[in-house]
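Q: Just so we're on the same page, my numbering is the position in the sequence shown counted from 1, plus 117.
Quick one: the structure is below, and I'll ask about it shortly.
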Amino acid sequence: MSRATPSAQESILLSDPTNAPICPLCGRPIPPDAPQSLHHLIPKLKGGKGGPTVLLHHICHREIHATLTEAELARDYNTPEALRAHPRLAKFFAWVAKRPPGFASKVPGARRKR
């Protein structure tokens with residue numbers, strides 16, 4: 118059964134945007150009403166089930182998976198630092214960092230080579 122009213126802690130977080138978590142890739146706050154995703158640093162298909170995850174803007178998460186394969190993520194890009202260092206992703210994160218925290222846009226599909 119879900120609660121109809123938020124707890125006191127949740128009310129503070131919802132009413133105070135300065136407490137919003139920060140996306141480790143683009144550096145923008147992640148407001149509660151913005152699309153967000155949990156990213157498995159090691160893909161579940163490559164043994165990362167139950168492993169570490171990071172909260173990201175949904176647009177940042179989609180760009181990761183539009184750019185890199187599961188094998189590349191598991192092998193070479195399994196930390197936020199490594200993801201930020203990828204040339205294509207670095208360019209995207211720099212671009213999206215200039216947008217408002219709740220910014221969402223379509224990510225064109227099928228950009229990575231399989």
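Even glycine gets a Cβ: it sits at the ideal position worked out from N, Cα and C.
From a predicted model like this one, the values you see are computed outputs, not experimental measurements.
Report yes or no: do the stretch 201-213 and the stretch 151-170 share at least 3 C-beta pairs separated by less than 8 Å?
A: The stretch 201-213 vs the stretch 151-170: no contact.
Q: Round the Cβ separation of Pro-138 and Leu-190 to the nearest angstrom and send it over; I've been treating them as touching at under 8 Å.
A: At roughly 21 Å, the Cβ-Cβ gap does not stay under 8 Å, so Pro-138 and Leu-190 are not in contact.
Q: Which residues in the same chain as Leu-162 place their Cβ atom closer than 8 Å to its Cβ, once the five residues preceding and following it in sequence are excluded?
A: Same-chain partners within the cutoff: Glu-187.
Q: With DSSP run on the structure shown, which of helix, strand or coil describes His-203?
A: It is coil, neither helix nor strand.
Q: Opposite Leu-173 in the DSSP bridges: which residues?
A: In DSSP, Leu-173 forms a bridge with Ser-154.
Q: Can you tell me the Cβ-Cβ gap for Glu-180 and Leu-206, rounded? I've got them flagged as a contact below 8 Å.
A: Right, the Cβ-Cβ distance comes to about 7 Å (below 8 Å), so this counts as a contact.
Q: Identify the continuous alpha helix (DSSP H) that holds Pro-192 and give its terminal residues.
A: Note that residue 192 corresponds to Arg in the displayed sequence, not to Pro. Per DSSP, Arg-192 belongs to the alpha helix (DSSP H) from 187-192.
Q: Keeping to the same chain, check which residues put their C-beta closer than 7 Å to that of Gly-219; ignore five residues upstream and five downstream.
A: Contacts found: Pro-148, Asp-150, Ala-151.
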